[in-house]
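According to our numbering, the sequence shown is numbered sequentially starting from 3. Backbone N, C-alpha and C fix where the C-beta goes; we use that ideal spot for every residue, glycine too. This one's a predicted model, so the numbers in the text were calculated from it and none came from an experiment.
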Amino acid sequence: MHCIPCVLMWKMLKMADLTEKETCCIRWQINCGSDSTCKDKTLRRRYHWYTTPIIQALEERSMDFANLRRFLDNMALKRTPGNAVEVYLNGKSVFRYEAGYSNLESKTPLNGKEMYNIYSCSKIATVVAGAQLLEQGYFLLNEPLYAYIPEFKRMYVKDATGNLKEAENPITIGDLFSMTAGFTYDLNSHGFQKARELTKGKMDTVKTIKCVATDPLSFEPGSHWKYSICHDVLAALVSVISGKKFRNYVKDNIFNPLEMNESVYHQTKETLERTAPQYCFVSGEKAVQSI
């Protein structure tokens, strides 16, 4: 005699496309034999355990990506020369699709082997790198940034009238994570210009950020939020604490362990040849142009 949940599981088994091993394992759990087993906490734990693979199989089987495929096709025709997407569920790829061209001028179709510039999507790796060092006890979020990069010890804030005053609060490491440090995204500031001259255009992470420390802040650290170079400064902090170039730290501690073998911070001849050209959509002209 089976309990009601067990009967439901048998019905779900018929709907799910499970392997023989999964089915046998679930069947062993469902064959509880008596109502007494089904009334205690053990069954509830079992119930969660053996429904999981069934639900996962049903999710994968019921997914329909026709609308997403249609959207990508339309985007390739009307707005972006080419686009690609891959969907993962429970660590497994369940949908992959490319639409349009990797090179609009030569009409080269996307083939799934292209590489792309991802710009600020790289901030995810930067924050993970910082979080790793935080978890390993290298710093506290409320520690001042100048404890590790002394150039940030004495900062100034520029008010709305252009006047400068010394910042009342130090920039904390937590401010870097949350983008509340007071930085901007002015890549033509005096500090960035100085960094270009000092590094001859190579823009070494730590040297560049030390130059940027001479620029005034746009608001008092910790007072509010602004999208800015905070995560670039965090990358410099990771480099200073780890003693590695930031790109090497990320490769050793994030990309390699995750087998992200085609993710890089600095292009090589090989990656440049595989990187798809970049385009932008000009809304007023409703046209696409290369960057």
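Cα separation between residue 97 and residue 120?
21 Å
When you compare each of 115, 82, 149 to residue 88 by their alpha carbons, which one comes out closest?
115
Are the region 132-143 and the region 222-231 in contact at 8 Å, needing three or more beta carbon pairs?
no
Three-way DSSP call (helix, strand, coil) for residue 2 in this model
The chain is shown from 3 up to 293; residue 2 falls before or after that span and cannot be answered.
Under 7 Å, do residue 68 and residue 101 count as touching if we go by C-beta distance?
no
For the 8 Å Cβ check, are there 3 or more pairs between the region 213-223 and the region 149-163?
yes
Under three-state DSSP, which class holds residue 298?
A query on residue 298 cannot be resolved here, the shown segment of the chain reaching from 3 to 293 and no further.
I'd like to confirm the pairing. Which residues does DSSP put opposite residue 174 in its beta bridges?
146
Taking the alpha-carbon positions, what's the residue 65 to residue 222 distance?
49 Å
Helix, strand or coil for residue 77? Go by DSSP, reduced to three states.
Reduced to three states, the DSSP call for residue 77 is helix.
Between residue 209 and residue 201, is the Cβ-Cβ spacing less than 7 Å?
yes
If I'm right that residue 81 touches residue 283 with Cβ under 8 Å, what's the distance once you round it to whole angstroms?
The beta-carbon separation of residue 81 and residue 283, rounded to 5 Å, stays under the 8 Å limit for a contact.
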